[in-house]
Ligand code: F6P
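Residue numbers (mature numbering (1 follows the signal peptide of the UniProt record, and there is no 0)): -23 to -1, 1 to 635.
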């Protein structure tokens, strides 16, 4: 085992504390008001523990280690127990220790220090010792090899036998990716199909050239549409873009679009153009998206990795009819309308062609780009380049690449996504806080929480480890968020006096659109006053003694107590420009991967979304049969049968009543 010497001492210290705590464990509150987690750890660890970095000898069991397999887990359990009971570890006390706080920051700089990404995690329920235990845990589960395997393109999405290489999408021209496929320490394990024949040094660079080739195609196409060289069937310029797609084929691009709208450079590039996203199969979404658009000026982008997602394909057919109804005439054929007004982003070119989309208008990507990690592929680049120009998007890719390099190279103690991921594991697995909030103090990041919600919850909401064995704890966190200060007037009540929800506050030193009334606080300063105040309010709270001193009437005092001790991290960045949006995206993508690596799960598959889809198919078949042929409802349980009958008879009942 790889416990550092002081950690062993700390383990001994906290073990004594934890034994008294376990006695009153059982999902109830202990006398300090903390929620105790039920004890779940098996008494004995069942797997051999590999030497970190010894990839040659790494067996399947070793490769699939999860955090509960290693003794470092016990040390952290014990540490967490002390946080539940020891008042000295209340954030009110921890935050007054300036030496501790100074140690719990990490900074990433660019442009000679003019651009800063500053993480302050001193308001997390951690000490330097706990952080060291978390780094030990990461070592013990071979985190570093797993991250390296991801970087080099090993098939770490083992259930689907795929590599996970969204970082390759942001590598600039001339980048040397010959490390691709190179086994760690000479081992060929986990390099799948390619392992048998070995890799040529050049293969990674060929792969990267293919990425750049697609980017060049996007650049050429978007420039031609923006300049008016490519036009619609009637000869009008195409200045409205509707992107049809759902989940990973929508949320990321939509978040970036929102984030760019007020950025002066991006906004200028978008002048006179409209980009909208159509995701929901609810016909209301189609109506609202298209109602005020001129089809002759509209280009439709169908974004779907599989090109078979039910919602996306029905929306695509609906929009195709909307185009045809308006544009088809004796001289304009339907096939021409589809060819000139519909393009696709997909890994399934055959289905795109079958739909009627011209081969040259299909922008591809690869199976090693997961849907929710696809913003930097053609999924995001096509609609966003049409709206903001490819030039702007290159800057965005550069921001994401900057954080990729930081993630793969910075030592763990300076590595911001690693720190954020480890804190996620600590808060959810050890302290038992299963929900977390993402609170950007930036209106432009309005859709960021929704995107990261998918990235994180679809990736890490799993119940088995890589080897299929059940996890001994819940994985995945429930993630939600709204921009500050709107959230403050909504759910912050619950954060301050209800549940403990670890939060990430994100703020900026400069506004995208600064404004100040004469002799008043600048609007951005007003916003940021809240950014600085809220984390302290959560951490310190307010005691009964404070309230008595303030002269609060006795009957109200208990209602006005804030327990405090609510953890948060503050991320302060220089400005929210195109580059910074790319940085934020990569930061949170990698944070998710870190948590998955520590938990020992596959963060890159999503079988959990399938069951509901299959069942919806049965219902769809039933509804269609009932509507078209009067077939009665059959094959469902009593509840679903009566609900379906109610639904299907609705129109008939109305007719009868008339
Ligand atoms: O249902 C979930 C999901 O498979 C996501 O993972 C994916 O991003 C989304 O559906 C859309 O899939 P596609 O891009 O294939 O249409």
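Just so you know, even glycine gets a beta-carbon here, dropped at the ideal spot from N, CA and C.
Assigned exposure category for residue i - 16 Cβ within 10 Å defines buried
i, result
"residue 588", "exposed"
"residue 133", "buried"
"residue 253", "buried"
"residue 428", "buried"
"residue 422", "buried"
"residue 43", "buried"
"residue 601", "exposed"
"residue 536", "exposed"
"residue 16", "Residue confidence for residue 16 is low, a pLDDT of 36 falling below 50, so the modelled location carries little weight and cannot support an answer."
"residue 580", "buried"
"residue 148", "buried"
"residue 525", "exposed"
"residue 195", "buried"
"residue 344", "exposed"
"residue 127", "buried"
Option in the options with minimal Cα separation from residue i
i, options, result
"residue 431", "189, 543, 230", "230"
"residue 249", "145, 182, 365", "365"
"residue 66", "426, 99, 599, 505", "99"
"residue 292", "140, 263, 317", "263"
"residue 360", "247, 107, 462, 608", "247"
"residue 297", "91, 257, 334, 545", "334"
"residue 473", "452, 522, 435, 545", "545"
"residue 436", "572, 107, 157", "572"
"residue 202", "48, 278, 328, 518", "278"
"residue 392", "567, 530, 214", "567"
"residue 553", "417, 520, 608", "417"
"residue 564", "486, 349, 531, 379", "379"
"residue 314", "112, 274, 146", "274"
"residue 108", "78, 530, 520, 434", "78"
"residue 387", "121, 445, 310", "121"
"residue 85", "114, 527, 381, 301", "381"
Whole-angstrom distance between residue j and residue i, CA atom to CA atom
i, j, result
"residue 439", "residue 594", "24 Å"
"residue 59", "residue 101", "15 Å"
"residue 10", "residue 294", "The pLDDT assigned to residue 10 is 32, lower than 50, so where the model puts this residue is not dependable; a value taken from the coordinates is nonetheless given after this. Taking the straight line from one Cα to the other gives about 56 Å."
"residue 119", "residue 320", "43 Å"
"residue 464", "residue 458", "8 Å"
"residue 185", "residue 596", "44 Å"
"residue 54", "residue 402", "12 Å"
"residue 626", "residue 605", "13 Å"
"residue 233", "residue 629", "46 Å"
"residue 383", "residue 621", "53 Å"
"residue 646", "residue 299", "Only positions -23 to 635 of the chain appear in this structure, which leaves residue 646 out of reach."
"residue 34", "residue 140", "Reliability of the predicted coordinates at residue 34 is poor, the pLDDT of 43 falling under 50, and the value obtained from them is presented with this limitation in mind. Looking at the two C-alpha atoms, the distance is approximately 21 Å."
"residue 643", "residue 131", "For residue 643 there is no data in the structure shown, the boundaries of the chain being -23 and 635."
"residue 69", "residue 575", "29 Å"
"residue 154", "residue 181", "5 Å"
"residue 190", "residue 340", "10 Å"
"residue 330", "residue 208", "20 Å"
"residue 326", "residue 585", "26 Å"
"residue 375", "residue 283", "28 Å"
"residue 357", "residue 222", "11 Å"
"residue 618", "residue 611", "7 Å"
"residue 56", "residue 276", "57 Å"
"residue 206", "residue 290", "29 Å"
"residue 74", "residue 540", "19 Å"
"residue 261", "residue 268", "10 Å"
"residue 367", "residue 538", "53 Å"
"residue 352", "residue 609", "44 Å"
Within 7 Å, strictly: CB atoms of residue i and residue j
i, j, result
"residue 547", "residue 482", "yes"
"residue 45", "residue 449", "yes"
"residue 491", "residue 501", "yes"
"residue 41", "residue 399", "no"
"residue 228", "residue 272", "no"
"residue 110", "residue 52", "yes"
"residue 243", "residue 369", "yes"
"residue 323", "residue 199", "no"
"residue 454", "residue 411", "yes"
"residue 583", "residue 240", "no"
"residue 72", "residue 414", "no"
"residue 288", "residue 258", "yes"
"residue 219", "residue 255", "yes"
"residue 105", "residue 89", "no"
"residue 373", "residue 555", "yes"
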